[in-house]
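Under the working numbering, the first residue of the sequence shown is numbered 5, with each subsequent residue one higher.
Don't be surprised by glycine CBs; every beta carbon is placed ideally from N, CA and C.
It should be emphasised that the depicted structure is a prediction, and the values quoted were computed from it without experimental measurement.
Have a look at the structure below, then the notes.
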Amino acid sequence: MLARLARNGAALRNALLDFIFPPRCAVCRRTGPWLCATCAARFENILPPLCQRCGRPLASPHCPYCAKLPIGIDGTRAVAFFDGALRDAIHAFKYSHRLELADHFGTMLHTYLLTFPLPVDTIIAVPLHTERENTRGYNQSALLANALSARHHLPVHPDALTRTRATRSQTELDAVGRRENVRDAFVASPQVRGARILLLDDVCTTGATMDACGAALYAHGAQSVWGLAVAR
Ligand SMILES: [Zn+2]
Ligand SMILES: [Zn+2]
Numbered sequence: 005m006l007a008r009l010a011r012n013g014a015a016l017r018n019a020l021l022d023f024i025f026p027p028r029c030a031v032c033r034r035t036g037p038w039l040c041a042t043c044a045a046r047f048e049n050i051l052p053p054l055c056q057r058c059g060r061p062l063a064s065p066h067c068p069y070c071a072k073l074p075i076g077i078d079g080t081r082a083v084a085f086f087d088g089a090l091r092d093a094i095h096a097f098k099y100s101h102r103l104e105l106a107d108h109f110g111t112m113l114h115t116y117l118l119t120f121p122l123p124v125d126t127i128i129a130v131p132l133h134t135e136r137e138n139t140r141g142y143n144q145s146a147l148l149a150n151a152l153s154a155r156h157h158l159p160v161h162p163d164a165l166t167r168t169r170a171t172r173s174q175t176e177l178d179a180v181g182r183r184e185n186v187r188d189a190f191v192a193s194p195q196v197r198g199a200r201i202l203l204l205d206d207v208c209t210t211g212a213t214m215d216a217c218g219a220a221l222y223a224h225g226a227q228s229v230w231g232l233a234v235a236r
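Below, the structure is given as structure tokens:
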């Protein structure tokens with residue numbers, strides 16, 4: 005209820021602002037679409053060769069990250085580097101209610117999966133803790149899941165995964181600290197049994213959050229879990 009009010013409030017505020025201040029690119033602020041073609045063209049895709057497990061770009065067959073702290077899920081992938089124009093666009097999407105950007109990100113995710121298919125049949129968004137979702141008014145990953153689902157014809161399971169406790173921001177933590185911070189923070193529902201899951205998030209850094217989600221999903225019998233993020 006609170007989340008919906010906040011969301012409607014934000015939508016109303018945006019509509020009013022659009023009227024007073026016409027739409028501008030979330031990155032360069034030029035009037036026009038919410039993301040102009042020039043800024044979108046500056047997104048830098050992450051292309052093979054990659055580590056087959058963690059998805060980091062890799063020149064050698066041995067991944068130093070996976071050797072040190074391997075992920076527990078089947079694999080993670082990200083569409084583009086979390087840098088420059090894409091970093092600005094994701095910040096606008098996440099912190100400034102620029103929900104319209106979900107369309108562009110949905111298309112990016114869809115195109116990525118057409119080019120580099122993953123063996124999945126269900127989308128699950130990385131959940132926020134209820135408190136944070138109420139404050140923000142939306143879960144950006146759930147918006148991405150819906151945008152991808154509309155394009156890629158994979159169903160979304162909106163209630164399959166819950167964040168059971170608030171976790172502190174991961175940004176200041178190292179890889180081991182991030183794992184500790186999100187350990188056991190998620191719980192899955194039994195409906196995931198046998199599913200081949202695509203776990204969706206806006207940004208993936210070390211993969212710690214996706215790993216913790218994966219642990220909860222495997223615990224309830226998920227067959228496989230692949231993580232996909234817009235950016236890394
Ligand atoms: Zn622009
Ligand atoms: Zn790796």
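- Would the C-beta of Val234 count as close to ligand 1, meaning under 6 Å from any of its heavy atoms? One-based indexing of the sequence shown puts residue 234 at position 230. Within the chosen limit of 6 Å, ligand 1 does not reach the beta carbon of Val234 with any heavy atom.
- Item | Buried or exposed by the 16-neighbour rule on C-beta atoms within 10 Å, applied to Leu232 | Locating residue 232 in the sequence shown gives position 228, where the first residue counts as 1. Leu232 should be labelled buried.
- Query: Using a threshold of 6 Å, is the CB atom of Arg57 nearer than that to any non-hydrogen atom of ligand 2?
  - Reply: Within the sequence shown, residue 57 is the residue found at index 53, counting from 1. Answer for Arg57: yes, Cβ within range of ligand 2.
- Message: Give me the pocket residues for ligand 1, defined as CB within less than 6 Å of any heavy atom, sorted by chain position.
- Response: Checking every Cβ against the heavy atoms of ligand 1 under 6 Å gives Cys29, Val31, Cys32, Arg34, Cys40, Thr42 and Cys43.
- Task: Quick one: using the 10 Å Cβ neighbour count with 16 as the cut-off for buried, is Gly36 buried or exposed?
- Result: Locating residue 36 in the sequence shown gives position 32, counting from the first residue. By the neighbour-count rule (16 or more Cβ atoms within 10 Å), Gly36 is not buried but exposed.
- Taking just the CA atoms, how far does Phe86 sit from Phe47? Residue 47 sits at position 43 when you count from the first residue of the sequence shown. Residue 86 sits at position 82 when you count from the first residue of the sequence shown. The C-alpha of Phe86 is placed about 9 Å away from the C-alpha of Phe47.
- Output yes or no for whether 7 Å exceeds the beta carbon distance between Ile128 and Ser153. Along the sequence shown, one-based indexing puts residue 128 at 124. Along the sequence shown, one-based indexing puts residue 153 at 149. Taking the C-beta atoms as reference points, Ser153 is found no nearer than 7 Å to Ile128.
- Straight-line Cα distance separating Ala71 from Leu51: On the sequence shown, position 47 is the one that residue 51 refers to. On the sequence shown, position 67 is the one that residue 71 refers to. Their backbone Cα atoms lie some 21 Å apart in a straight line.
- Message: For Pro53 and Phe23, what's the separation of their Cα atoms in angstroms?
- Response: By 1-based counting over the sequence shown, the position of residue 53 is 49. By 1-based counting over the sequence shown, the position of residue 23 is 19. When rounded, the distance between both Cα atoms is 46 Å.
- Message: Using a Cβ distance threshold of 8 Å, determine whether the stretch 171 to 191 contacts the stretch 204 to 224, with at least three qualifying pairs required.
- Response: Under the three-pair Cβ rule at 8 Å, the stretch 171 to 191 counts as touching the stretch 204 to 224.
- Message: Here's a check: name, in chain order, each residue in its chain whose Cβ is nearer than 7 Å to the Cβ of Leu39, leaving out the five neighbours to either side.
- Response: Along the sequence shown, read from residue 1 onward, the residue named residue 39 stands at position 35. Closer than 7 Å at the Cβ level, and outside the excluded window around Leu39, lie Cys29, Ala30, Val31, Ala93, Leu105 and His108.
- Within 10 angstroms of the Cβ of Ala96, are there 16 or more other Cβ atoms? Answer buried if so, exposed if not. Within the sequence shown, residue 96 is the residue found at index 92, counting from 1. It counts as buried.
- Option in Pro26, Tyr69 and Arg81 with minimal Cα separation from Val207: On the sequence shown, position 203 is the one that residue 207 refers to. When each option's Cα is compared against that of Val207, the closest is Arg81.
- Query: Tell me the DSSP bridge mates of Trp230?
  - Reply: Translated into the one-based positions of the sequence shown, residue 230 becomes position 226. Secondary-structure assignment with DSSP links Trp230 through a beta bridge to Gly79 and Leu202.
- Should Leu148 be labelled buried (16 or more other beta-carbon atoms within 10 Å of its own) or exposed? Counting from 1 along the sequence shown, the entry for residue 148 is found at position 144. When all chains shown are included, Leu148 counts as buried.
- Query: What residue does the alpha helix (DSSP H) around Ala212 start on, and which one ends it?
  - Reply: The sequence position of residue 212 within the sequence shown is 208, counting from 1. Element bounds for Ala212: Ala212 to Ala223.
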